[in-house]
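Engineer: Sequential numbering from 65 applies to the sequence shown in the numbering used here.
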Amino acid sequence: MTYLHIKQPSDDEGCGIAVMARLHQKSYDEMLSIAMENGFCDKKKRVNLAQMKRFLGYKGLENVSYKRHNGASVPTDCGIFHGRWNNVKTGTRHWIAYHDGLFFDPLLPQPVSQLSAQFYVTQIFKHP
Numbered sequence: 065m066t067y068l069h070i071k072q073p074s075d076d077e078g079c080g081i082a083v084m085a086r087l088h089q090k091s092y093d094e095m096l097s098i099a100m101e102n103g104f105c106d107k108k109k110r111v112n113l114a115q116m117k118r119f120l121g122y123k124g125l126e127n128v129s130y131k132r133h134n135g136a137s138v139p140t141d142c143g144i145f146h147g148r149w150n151n152v153k154t155g156t157r158h159w160i161a162y163h164d165g166l167f168f169d170p171l172l173p174q175p176v177s178q179l180s181a182q183f184y185v186t187q188i189f190k191h192p
């Protein structure tokens with residue numbers, strides 16, 4: 065499957081919804097509507113770990129759970145990565161997807177082959 069790359073609408077909101085849209089093969093606006101209707105995000109369009117897990121169940125990926133990651137190395141498992149910018153403990157939270165050697169960062173205009181050194185992966189939802 066060739067995945068769409070979905071960009072988030074602004075630098076400070078929408079990364080989780082954009083990652084969901086990529087996996088669901090929907091536009092950002094379509095996914096935002098689905099996410100709001102099904103409780104996959106809050107009113108400020110933020111997505112937490114439990115909401116992402118519910119979305120993955122909605123997608124048919126049953127019994128998916130996240131595993132913790134140390135933030136020090138770049139994971140190579142296909143999946144959805146949750147992490148932080150600039151500081152592994154206190155940095156701004158962000159969602160990124162990884163598939164077949166490409167990082168789908170919704171802040172960027174296209175997928176990239178290397179993860180930014182300023183991004184620390186702290187949780188991973190593995191999926192095919």
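Virtual Cβ for every residue (Gly too), placed ideally from N, Cα, C.
For the candidate residues A181, L171, A82, F168, whose alpha-carbon lies nearest to that of V111?
Structural biologist: A82
Engineer: Out of M100, Y162, Y92, point me to the one whose CA is closest to T140's CA.
Structural biologist: Y162
Engineer: Rounded to a whole number of angstroms, what is the C-alpha to C-alpha distance between K190 and M84?
Structural biologist: 14 Å
Engineer: Expressed to the nearest angstrom, what Euclidean distance is found between the alpha-carbon atoms of T186 and C79?
Structural biologist: 16 Å
Engineer: Does the Cβ-Cβ distance between I188 and K131 come in under 7 Å?
Structural biologist: yes
Engineer: Am I right that H88 and K123 are in contact with their C-beta atoms under 8 Å? What's the rounded C-beta distance?
Structural biologist: 7 Å
Engineer: What did DSSP end up calling H133 once you bin it into helix, strand or coil?
Structural biologist: coil
Engineer: Using the DSSP secondary-structure output, state which residues sit across from S74 in a beta bridge.
Structural biologist: Answer is E77.
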